[in-house]
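**Student:** Would you mind keeping the following structure in view while I ask a few things?
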Amino acid sequence: MDELLNQLPESDRALVKRQLESLNETDRARFNELVHRFEQQEARNPIQEALGCVSETRIPQHARFLVLKELYRMIYDVTDNQSLASDMLSCSEYDGDERAEAFEAETEAIAAEIGEERLTEYLRNYGLGMMYNVAAHLLDDPHNIVGDDSFGWSLMEHDSDGELTGRNIGGLHEDFVDFPQYYLSDSWLKKWD
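Converting from the sequence shown to this note's numbering requires adding 2 to each position, the first position being numbered 1.
Laid out in structure tokens, this is it:
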């Protein structure tokens, strides 16, 4: 824990220590568990993330972190996306295999023309826009899709038993653009280089 505290900017260290001292025994145990989880999940600042979860109980911050991380995995994992696209095309009852083969040939031709690195960068940027639409419009603001407030849906957190906690995983668009730089560790980002 001290090692993680020492990684914080000096100006934040004293504040975090005061906040930790104010936690009761139950919250301190939950905090320690969350720090461990955030470390395993490659958060940039596990202590601050865990402290946010313990101090702000109305917002399912851990669930938000995991949803945003998964959206970014989908953006960055171009190879998996290409494979899934090919698989989905081949499942089509109408000319599925031909469409999948054409997609693979087009992908190879584009990569040969502009280079694999530029193609990957382009696809990630395209994926960024697409996943922002998922986060901001499909998950955070469905009434714009429906056209009114009479019907909608939300992404909800559940506990380890699968029971809904009643906490909406909303506001994904608020941290979406800067999420990798502020919330994910350098080691997670380097996986995709």
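We put the beta carbon where it would ideally sit given N, CA and C, even for glycine.
1) Round the Cβ separation of L174 and L125 to the nearest angstrom and send it over; I've been treating them as touching at under 8 Å.
2) Residues in the same chain with beta-carbon distance under 7 Å from F40, minus the five sequence neighbours each way, listed in chain order, please.
3) Here's the rule: buried if 16 or more other CB atoms are within 10 angstroms of the residue's CB, otherwise exposed. What is P11?
4) Quick one, which of V80, A138, D180 and E118 has its alpha-carbon nearest G172's?
5) Is it buried or exposed, Y1, if we count other Cβ atoms within 10 angstroms and call 16 or more buried?
6) Which two residues bound the contiguous alpha helix (DSSP H) that contains T122?
7) Where does L157 fall in DSSP's three states?
8) Along the alpha helix (DSSP H) that carries N34, what are the first and last residues, could you check?
9) Could you tell me the distance, in whole angstroms, from the CA atom of V18 to the CA atom of F105?
**Tutor:** On the basis of the supplied data:
1) Stepping through the sequence shown from its first residue, residue 174 is reached at position 172. Stepping through the sequence shown from its first residue, residue 125 is reached at position 123. Going by Cβ atoms, the distance from L174 to L125 rounds to 21 Å, so no, they are not a contact pair.
2) Here residue 40 refers to the residue found at position 38 when the sequence shown is read from its first residue. Here the set comprises P48, E51 and A52.
3) Along the sequence shown, read from residue 1 onward, the residue named residue 11 stands at position 9. With fewer than 16 Cβ atoms within 10 Å of its Cβ, P11 is classed as exposed.
4) Looking up residue 172 in the sequence shown gives position 170. Of the candidates V80, A138, D180 and E118, the residue whose Cα lies closest to the Cα of G172 is A138.
5) Past the edges of the chain, shown from 3 to 195, lies residue 1, and the structure says nothing about it.
6) Position 120 of the sequence shown, counting from 1, holds the residue named residue 122. It spans E118 to N135 - the alpha helix (DSSP H) in which T122 sits, taken as one unbroken run.
7) As a working note, residue 157 is residue 155 in the sequence shown. Correct three-state label for L157: coil.
8) As a first step, residue 34 must be located in the sequence shown, where it is residue number 32. Note, N34: alpha helix (DSSP H), E27 to Q42.
9) In the sequence shown, residue 18 corresponds to position 16, counting from 1. In the sequence shown, residue 105 corresponds to position 103, counting from 1. Their Cα atoms are separated by approximately 51 Å.
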